[in-house]
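Each number in our numbering corresponds to the 1-based position in the sequence shown with 1212 added.
Note that the Cβ used here is the ideal one computed from N, Cα and C, for glycine as well.
These numbers were taken from a predicted model, which means no experiment stands behind them.
A short write-up of the structure that comes next.
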Amino acid sequence: MTEPGGGVEAGESLAEAAAREVREEVGLVVAPADLGAPVAQVGGFADLGFAAGFFRDHFFALRVDAFEPDTAGMLDHEVAAHAGHRWWTVAELREPAETVIPLGLAGLLADLAAGRRPVSPVALPWHHGPAVR
1213 MTEPGGGVEA GESLAEAAAR EVREEVGLVV APADLGAPVA QVGGFADLGF
1263 AAGFFRDHFF ALRVDAFEPD TAGMLDHEVA AHAGHRWWTV AELREPAETV
1313 IPLGLAGLLA DLAAGRRPVS PVALPWHHGP AVR
(Lines of atoms letter the chains of each structure in order from A and count residues from 1; the text may use other names and numbers.)
(Lines give C-alpha, C1' and ligand atoms only; values in the text may rest on other atoms or scores of the structure.)
Protein backbone atom coordinates (compact mmCIF):
# COMPACT_ATOMS: atom_id res chain seq x y z
CA MET A 1 0.00 0.00 0.00
CA THR A 2 1.23 3.45 -0.84
CA GLU A 3 -0.24 6.92 -1.05
CA PRO A 4 -0.68 9.19 -4.09
CA GLY A 5 2.37 11.30 -4.82
CA GLY A 6 5.12 12.31 -7.16
CA GLY A 7 7.60 14.99 -8.03
CA VAL A 8 7.44 18.74 -7.57
CA GLU A 9 7.39 20.57 -10.90
CA ALA A 10 9.32 23.80 -11.53
CA GLY A 11 7.65 26.72 -9.76
CA GLU A 12 5.36 24.54 -7.61
CA SER A 13 5.17 24.66 -3.83
CA LEU A 14 4.95 21.35 -1.95
CA ALA A 15 1.22 21.91 -1.38
CA GLU A 16 0.64 22.71 -5.07
CA ALA A 17 2.47 19.53 -6.08
CA ALA A 18 0.48 17.45 -3.58
CA ALA A 19 -2.83 18.89 -4.82
CA ARG A 20 -1.85 18.20 -8.45
CA GLU A 21 -0.74 14.63 -7.70
CA VAL A 22 -3.95 13.83 -5.78
CA ARG A 23 -5.99 15.17 -8.72
CA GLU A 24 -3.96 13.17 -11.26
CA GLU A 25 -3.81 9.90 -9.32
CA VAL A 26 -7.20 9.67 -7.61
CA GLY A 27 -9.27 12.41 -9.26
CA LEU A 28 -9.80 14.43 -6.06
CA VAL A 29 -9.68 18.19 -6.57
CA VAL A 30 -8.05 19.85 -3.55
CA ALA A 31 -7.05 23.48 -3.03
CA PRO A 32 -3.36 23.62 -2.02
CA ALA A 33 -4.22 26.01 0.83
CA ASP A 34 -6.58 23.38 2.31
CA LEU A 35 -3.67 20.97 2.80
CA GLY A 36 -1.88 23.10 5.38
CA ALA A 37 1.71 22.23 6.24
CA PRO A 38 3.21 18.76 5.76
CA VAL A 39 2.61 16.40 8.71
CA ALA A 40 5.47 13.99 7.95
CA GLN A 41 8.52 13.52 5.79
CA VAL A 42 10.98 10.80 4.85
CA GLY A 43 14.05 10.73 2.65
CA GLY A 44 16.64 8.39 1.18
CA PHE A 45 17.97 6.67 -1.93
CA ALA A 46 15.74 4.57 -4.15
CA ASP A 47 15.89 2.94 -7.56
CA LEU A 48 12.28 2.82 -8.66
CA GLY A 49 13.04 1.53 -12.14
CA PHE A 50 11.68 4.65 -13.84
CA ALA A 51 13.76 6.97 -11.61
CA ALA A 52 16.74 6.56 -9.28
CA GLY A 53 18.39 8.92 -6.80
CA PHE A 54 17.75 10.63 -3.50
CA PHE A 55 14.11 11.27 -2.77
CA ARG A 56 12.41 13.31 -0.08
CA ASP A 57 8.71 12.62 0.45
CA HIS A 58 6.45 15.09 2.24
CA PHE A 59 3.06 13.96 3.54
CA PHE A 60 -0.05 16.09 3.97
CA ALA A 61 -3.27 15.23 5.82
CA LEU A 62 -6.76 16.26 4.76
CA ARG A 63 -10.11 14.87 5.87
CA VAL A 64 -12.44 14.29 2.93
CA ASP A 65 -15.90 12.89 2.36
CA ALA A 66 -16.10 9.51 0.68
CA PHE A 67 -15.48 9.66 -3.07
CA GLU A 68 -14.90 7.24 -5.93
CA PRO A 69 -11.24 7.41 -7.04
CA ASP A 70 -10.59 8.12 -10.72
CA THR A 71 -7.22 6.92 -12.03
CA ALA A 72 -7.55 8.39 -15.55
CA GLY A 73 -4.72 10.86 -14.81
CA MET A 74 -2.16 8.21 -13.81
CA LEU A 75 1.06 7.76 -15.79
CA ASP A 76 1.83 4.38 -17.41
CA HIS A 77 4.28 3.28 -14.67
CA GLU A 78 1.70 4.22 -12.01
CA VAL A 79 -1.03 2.21 -13.75
CA ALA A 80 1.32 -0.79 -14.01
CA ALA A 81 2.00 -0.74 -10.25
CA HIS A 82 -1.60 0.01 -9.24
CA ALA A 83 -3.79 -2.81 -7.91
CA GLY A 84 -6.72 -0.73 -6.67
CA HIS A 85 -7.94 1.68 -4.04
CA ARG A 86 -9.42 1.10 -0.61
CA TRP A 87 -9.81 2.87 2.71
CA TRP A 88 -7.79 1.46 5.61
CA THR A 89 -8.57 1.70 9.31
CA VAL A 90 -5.81 2.56 11.76
CA ALA A 91 -6.15 -0.98 13.19
CA GLU A 92 -5.56 -2.49 9.72
CA LEU A 93 -2.50 -0.28 9.25
CA ARG A 94 -1.09 -1.41 12.60
CA GLU A 95 -1.27 -5.11 11.56
CA PRO A 96 -1.10 -5.07 7.75
CA ALA A 97 -1.10 -8.23 5.65
CA GLU A 98 1.08 -6.40 3.11
CA THR A 99 3.74 -3.71 3.16
CA VAL A 100 2.41 -0.24 3.96
CA ILE A 101 4.47 2.72 2.74
CA PRO A 102 5.41 4.95 4.45
CA LEU A 103 6.49 2.92 7.46
CA GLY A 104 5.07 4.33 10.70
CA LEU A 105 1.87 5.55 9.06
CA ALA A 106 -0.51 3.94 11.57
CA GLY A 107 0.73 5.92 14.57
CA LEU A 108 0.67 9.19 12.65
CA LEU A 109 -2.87 8.59 11.38
CA ALA A 110 -4.06 7.64 14.88
CA ASP A 111 -2.75 10.97 16.17
CA LEU A 112 -4.33 12.91 13.28
CA ALA A 113 -7.68 11.16 13.75
CA ALA A 114 -7.59 12.15 17.43
CA GLY A 115 -7.02 15.79 16.47
CA ARG A 116 -3.31 15.80 17.29
CA ARG A 117 -1.59 17.46 14.31
CA PRO A 118 2.21 17.68 14.68
CA VAL A 119 3.75 21.14 15.08
CA SER A 120 6.53 20.16 12.67
CA PRO A 121 6.68 17.24 10.22
CA VAL A 122 7.22 13.83 11.83
CA ALA A 123 10.31 12.00 10.50
CA LEU A 124 9.18 8.57 9.29
CA PRO A 125 11.59 5.68 8.54
CA TRP A 126 12.88 5.38 4.97
CA HIS A 127 11.54 2.31 3.20
CA HIS A 128 14.01 1.80 0.30
CA GLY A 129 17.34 1.50 2.12
CA PRO A 130 19.57 3.93 4.06
CA ALA A 131 17.83 7.09 5.21
CA VAL A 132 19.08 10.62 4.62
CA ARG A 133 18.27 13.69 6.67
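- Taking a 10 Å sphere around the C-beta of Val1276, we find fewer than 16 other C-beta atoms and assign the residue as exposed.
- Between Leu1324 and the set Phe1272, His1339 and Asp1288, the nearest pair of CA atoms involves Phe1272.
- Under the criterion of beta carbons closer than 8 Å, Trp1338 and Gly1256 qualify as touching, at roughly 3 Å.
- Put simply, the region 1238-1252 touches the region 1279-1286. At least three CB pairs are less than 8 Å apart.
- Between Gly1316 and Leu1336, the C-beta gap is smaller than 7 Å, which places the two residues in contact.
- Only residues of its own chain outside the window of five on either side were considered, and among them Ala1249, Pro1250, Val1251, Ala1252, Gln1253, His1270 and Phe1271 have a CB closer than 8 Å to the CB of Pro1333, listed in chain order.
- Asp1277 sits in coil when the DSSP states are folded into three classes, being neither helix nor strand.
- The beta-carbon distance between Ala1231 and Ala1243, rounded to whole angstroms, is 7 Å. This is short enough to meet the 8 Å contact definition.
- Closest in alpha carbon position to Ser1225, among Leu1247, Glu1310 and Pro1216, is Leu1247.
- DSSP, read as helix, strand or coil, puts Ala1252 in strand.
- Looking at the backbone, the Cα of Pro1314 and that of Ala1293 are separated by about 16 Å.
- Excluding the 5 residues flanking it on each side, Leu1321 has same chain C-beta neighbours closer than 7 Å at Val1302 and Leu1305, in chain order.
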